[in-house]
């Protein structure tokens, strides 16, 4: 008896990306830019740059996720 093979995956059936990459981009952005903001706060004697760094890191992480997973095949 012949075994039936599933049809090959078409271009729309392939996964768009690994969700862990998206998570990693966002977390890495928050950590990296939050740390830079914290260091600048310590150096300049301010108290708001860490929050700006965290928000900027999250925004850049989301942008990197969008840019990576929204590529046209």
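Residue numbers (full-length UniProt numbering): 1 to 73. Beta carbons: idealized from backbone N, C-alpha and C, even for Gly. Predicted model only: the values in this text are computed from it and were never measured.
What is the DSSP secondary structure of residue i, counted as helix, strand or coil?
i: residue 48; result: coil
i: residue 19; result: helix
Short of 8 angstroms in beta carbon distance, which residues of its chain neighbour residue i, apart from the five on each side in sequence? Order them along the chain.
i: residue 64; result: 25 and 29
Could you tell me the distance, in whole angstroms, from the CA atom of residue i to the CA atom of residue j?
i: residue 40; j: residue 32; result: 12 angstroms
i: residue 35; j: residue 46; result: 14 angstroms
i: residue 21; j: residue 68; result: 9 angstroms
i: residue 5; j: residue 58; result: 44 angstroms
i: residue 56; j: residue 18; result: 23 angstroms
Could you tell me if residue i is buried or exposed, where buried requires 16 or more neighbouring beta carbons within 10 angstroms of its beta carbon?
i: residue 27; result: exposed
i: residue 49; result: buried
i: residue 37; result: buried
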